[in-house]
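A quick write-up on the structure given underneath.
Numbering (our numbering), first residue to last: 771 to 950.
Here it is as C-alpha coordinates:
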(Lines of atoms letter the chains of each structure in order from A and count residues from 1; the text may use other names and numbers.)
(Lines give C-alpha, C1' and ligand atoms only; values in the text may rest on other atoms or scores of the structure.)
Protein backbone atom coordinates (compact mmCIF):
# COMPACT_ATOMS: atom_id res chain seq x y z
CA UNK A 1 0.00 0.00 0.00
CA UNK A 2 1.68 3.20 -1.14
CA UNK A 3 0.71 6.84 -1.46
CA UNK A 4 -2.78 6.24 -0.15
CA UNK A 5 -5.13 8.35 1.92
CA UNK A 6 -7.59 6.50 4.15
CA UNK A 7 -10.30 8.02 6.31
CA UNK A 8 -12.89 6.69 8.71
CA UNK A 9 -15.30 9.10 10.39
CA UNK A 10 -17.37 6.98 12.78
CA UNK A 11 -16.79 6.43 16.48
CA UNK A 12 -16.05 2.70 16.24
CA UNK A 13 -14.78 2.24 12.71
CA UNK A 14 -11.35 1.31 11.39
CA UNK A 15 -9.66 2.44 8.20
CA UNK A 16 -8.35 -1.14 7.74
CA UNK A 17 -10.33 -4.07 9.17
CA UNK A 18 -8.73 -7.54 9.40
CA UNK A 19 -11.12 -10.43 9.97
CA UNK A 20 -9.04 -13.62 9.68
CA UNK A 21 -5.44 -13.05 10.67
CA UNK A 22 -2.66 -11.02 9.17
CA UNK A 23 0.35 -13.06 8.12
CA UNK A 24 3.53 -12.18 6.27
CA UNK A 25 5.50 -15.37 5.62
CA UNK A 26 8.26 -16.93 3.50
CA UNK A 27 10.29 -13.82 2.65
CA UNK A 28 7.18 -11.77 1.90
CA UNK A 29 6.71 -8.06 2.48
CA UNK A 30 3.86 -5.83 3.70
CA UNK A 31 4.56 -2.13 3.28
CA UNK A 32 2.43 0.83 4.25
CA UNK A 33 4.57 3.50 2.64
CA UNK A 34 3.82 7.21 2.36
CA UNK A 35 0.21 6.85 3.53
CA UNK A 36 -2.00 9.26 5.45
CA UNK A 37 -4.68 7.73 7.66
CA UNK A 38 -7.35 9.59 9.66
CA UNK A 39 -9.74 7.81 11.97
CA UNK A 40 -11.55 8.70 15.16
CA UNK A 41 -10.46 5.53 16.97
CA UNK A 42 -8.67 2.77 15.00
CA UNK A 43 -6.40 2.70 11.96
CA UNK A 44 -6.00 -1.10 11.75
CA UNK A 45 -8.36 -3.27 13.77
CA UNK A 46 -7.95 -7.03 14.12
CA UNK A 47 -8.98 -7.86 17.69
CA UNK A 48 -9.84 -11.49 16.85
CA UNK A 49 -6.76 -11.98 14.65
CA UNK A 50 -3.04 -12.39 15.10
CA UNK A 51 -0.17 -10.68 13.31
CA UNK A 52 2.56 -13.14 12.42
CA UNK A 53 5.70 -12.06 10.57
CA UNK A 54 7.92 -15.08 9.89
CA UNK A 55 10.35 -16.80 7.54
CA UNK A 56 12.55 -13.78 6.82
CA UNK A 57 9.63 -11.47 6.05
CA UNK A 58 9.12 -7.74 6.63
CA UNK A 59 6.09 -5.83 7.95
CA UNK A 60 6.79 -2.14 7.57
CA UNK A 61 4.96 1.10 8.28
CA UNK A 62 7.13 3.88 6.90
CA UNK A 63 6.97 7.52 5.82
CA UNK A 64 3.34 7.61 6.92
CA UNK A 65 1.06 9.73 9.06
CA UNK A 66 -1.64 8.34 11.36
CA UNK A 67 -4.23 10.39 13.19
CA UNK A 68 -6.59 8.60 15.61
CA UNK A 69 -7.15 10.93 18.56
CA UNK A 70 -9.66 8.90 20.60
CA UNK A 71 -9.51 9.71 24.31
CA UNK A 72 -11.01 6.38 25.34
CA UNK A 73 -9.08 3.97 27.55
CA UNK A 74 -8.00 0.77 25.75
CA UNK A 75 -8.55 2.22 22.27
CA UNK A 76 -5.47 1.73 20.13
CA UNK A 77 -4.67 2.81 16.59
CA UNK A 78 -3.45 -0.70 15.61
CA UNK A 79 -5.29 -3.33 17.65
CA UNK A 80 -4.38 -7.00 17.21
CA UNK A 81 -4.76 -10.08 19.41
CA UNK A 82 -1.21 -11.47 19.46
CA UNK A 83 1.93 -10.31 17.66
CA UNK A 84 4.69 -12.81 16.77
CA UNK A 85 7.83 -11.96 14.83
CA UNK A 86 10.15 -14.91 14.22
CA UNK A 87 12.56 -16.63 11.85
CA UNK A 88 14.81 -13.64 11.16
CA UNK A 89 11.91 -11.34 10.31
CA UNK A 90 11.39 -7.62 10.88
CA UNK A 91 8.44 -5.58 12.14
CA UNK A 92 9.42 -1.96 11.67
CA UNK A 93 7.84 1.42 12.18
CA UNK A 94 10.10 4.08 10.67
CA UNK A 95 10.07 7.74 9.66
CA UNK A 96 6.39 8.23 10.50
CA UNK A 97 4.21 10.57 12.54
CA UNK A 98 1.51 9.33 14.90
CA UNK A 99 -1.07 11.65 16.55
CA UNK A 100 -3.02 9.23 18.67
CA UNK A 101 -4.98 8.75 21.86
CA UNK A 102 -4.24 5.74 24.05
CA UNK A 103 -1.77 3.56 22.08
CA UNK A 104 -0.12 3.08 18.70
CA UNK A 105 0.03 -0.75 18.91
CA UNK A 106 -2.21 -2.71 21.29
CA UNK A 107 -1.86 -6.49 21.61
CA UNK A 108 -2.50 -9.25 24.13
CA UNK A 109 1.07 -10.53 23.69
CA UNK A 110 4.21 -9.50 21.82
CA UNK A 111 6.82 -12.17 21.06
CA UNK A 112 9.98 -11.55 19.05
CA UNK A 113 12.20 -14.60 18.53
CA UNK A 114 14.61 -16.43 16.24
CA UNK A 115 16.94 -13.50 15.57
CA UNK A 116 14.12 -11.18 14.55
CA UNK A 117 13.87 -7.41 14.96
CA UNK A 118 11.26 -4.99 16.26
CA UNK A 119 12.30 -1.53 15.06
CA UNK A 120 11.06 1.93 16.06
CA UNK A 121 13.27 4.50 14.29
CA UNK A 122 12.95 8.20 13.48
CA UNK A 123 9.27 8.53 14.43
CA UNK A 124 7.19 11.19 16.15
CA UNK A 125 4.71 9.70 18.60
CA UNK A 126 1.99 11.73 20.33
CA UNK A 127 0.31 9.05 22.43
CA UNK A 128 0.15 7.60 25.93
CA UNK A 129 1.77 4.28 24.88
CA UNK A 130 3.69 3.35 21.75
CA UNK A 131 3.23 -0.38 22.51
CA UNK A 132 0.56 -1.46 25.01
CA UNK A 133 0.56 -5.17 25.90
CA UNK A 134 -2.55 -6.32 27.75
CA UNK A 135 -1.33 -9.54 29.40
CA UNK A 136 0.94 -9.39 32.42
CA UNK A 137 4.43 -10.54 31.32
CA UNK A 138 3.12 -10.55 27.74
CA UNK A 139 6.33 -9.20 26.18
CA UNK A 140 9.03 -11.74 25.27
CA UNK A 141 12.29 -11.40 23.34
CA UNK A 142 14.13 -14.67 22.69
CA UNK A 143 16.97 -16.21 20.69
CA UNK A 144 19.12 -13.15 19.89
CA UNK A 145 16.19 -10.96 18.93
CA UNK A 146 16.42 -7.18 19.05
CA UNK A 147 14.18 -4.24 19.89
CA UNK A 148 15.82 -1.25 18.25
CA UNK A 149 14.54 2.13 19.48
CA UNK A 150 16.42 4.99 17.78
CA UNK A 151 15.77 8.71 17.26
CA UNK A 152 12.10 8.77 18.24
CA UNK A 153 10.25 11.73 19.71
CA UNK A 154 7.62 10.88 22.33
CA UNK A 155 5.13 13.49 23.52
CA UNK A 156 1.74 13.44 25.17
CA UNK A 157 -1.24 12.49 23.05
CA UNK A 158 -4.92 13.32 23.35
CA UNK A 159 -5.59 10.54 25.91
CA UNK A 160 -3.52 11.96 28.74
CA UNK A 161 -1.71 15.27 29.33
CA UNK A 162 0.96 13.62 31.49
CA UNK A 163 1.43 9.99 30.37
CA UNK A 164 3.82 8.90 27.63
CA UNK A 165 5.59 5.53 27.65
CA UNK A 166 7.28 3.26 25.15
CA UNK A 167 5.58 0.13 26.50
CA UNK A 168 3.51 -1.42 29.26
CA UNK A 169 3.72 -4.76 31.09
CA UNK A 170 7.46 -5.17 30.53
CA UNK A 171 9.01 -8.23 32.14
CA UNK A 172 12.68 -9.22 32.21
CA UNK A 173 13.73 -10.49 28.77
CA UNK A 174 13.58 -14.23 28.24
CA UNK A 175 17.04 -14.42 26.69
CA UNK A 176 20.01 -14.60 29.04
CA UNK A 177 21.86 -11.93 27.02
CA UNK A 178 19.21 -9.70 25.47
CA UNK A 179 20.00 -6.89 23.06
CA UNK A 180 17.60 -4.02 23.62
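No residue lacks a Cβ here, since even glycine has one placed at the ideal position from N, Cα and C. All of these numbers come straight from a predicted model, not from anything done at the bench.
- Message: Let's see if you can read the secondary structure: which residues bound the beta strand (DSSP E) around residue 778?
- Response: Taking the chain shown and counting its residues from 1, one reaches residue 778 at position 8. Per DSSP, residue 778 is one residue of the beta strand (DSSP E) stretching across 775-778.
- Query: In chain order, what residues of the same chain lie with their CB nearer than 6 angstroms to the CB of residue 830, ignoring the 5 residues before and after it?
  - Reply: As a first step, residue 830 is located in the chain shown; it is residue number 60 there, counting from the start. Apart from sequence neighbours up to five positions away, the residues of its chain that approach residue 830 with a beta-carbon distance below 6 angstroms are 801 and 862, ordered along the chain.
- Query: For the candidate residues 775, 792 and 783, whose alpha-carbon lies nearest to that of residue 804?
  - Reply: Position 34 of the chain shown, counted from the first residue, corresponds to residue 804. Measuring from the Cα of residue 804, the nearest candidate turns out to be 775.
- Query: For the beta strand (DSSP E) that contains residue 809, what are its first and last residues?
  - Reply: For this step, residue 809 is matched to residue 39 along the chain shown. Note, residue 809: beta strand (DSSP E), 806-809.
- Query: Hey, how far is the Cα of residue 930 from the Cα of residue 869?
  - Reply: In the chain shown, the residue the question calls residue 930 occupies position 160. In the chain shown, the residue the question calls residue 869 occupies position 99. Going from the Cα of residue 930 to the Cα of residue 869 covers about 12 angstroms.
- Sort 827, 777 and 847 by Cα distance to residue 895 and report the nearest one. Position 125 of the chain shown, counting from 1, holds the residue named residue 895. When the alpha-carbon of residue 895 is set against those of 827, 777 and 847, the nearest one is in 847.
- Per-residue burial, residue 893 [other beta carbons within 10 Å of its own, 16 or more giving buried]: Position 123 of the chain shown, counted from the start, is the residue given in the question as residue 893. Label assigned to residue 893: buried.
- Item | residue 918, enclosing beta strand (DSSP E) - first and last residue | Translated into the one-based positions of the chain shown, residue 918 becomes position 148. First-last of the beta strand (DSSP E) with residue 918: 916-920.
- Can you grab the Cα-Cα spacing for the pair residue 898 / residue 920, in whole Å? The residue given as residue 898 occupies position 128 in the chain shown. The residue given as residue 920 occupies position 150 in the chain shown. Rounded to the nearest whole angstrom, the CA to CA distance from residue 898 to residue 920 is 18 angstroms.
- Between 777, 810 and 827, which lies nearest to residue 792 when the distance is taken from Cα to Cα? Position 22 of the chain shown, counted from the start, is the residue given in the question as residue 792. Selected option, being the one with the closest Cα: 827.
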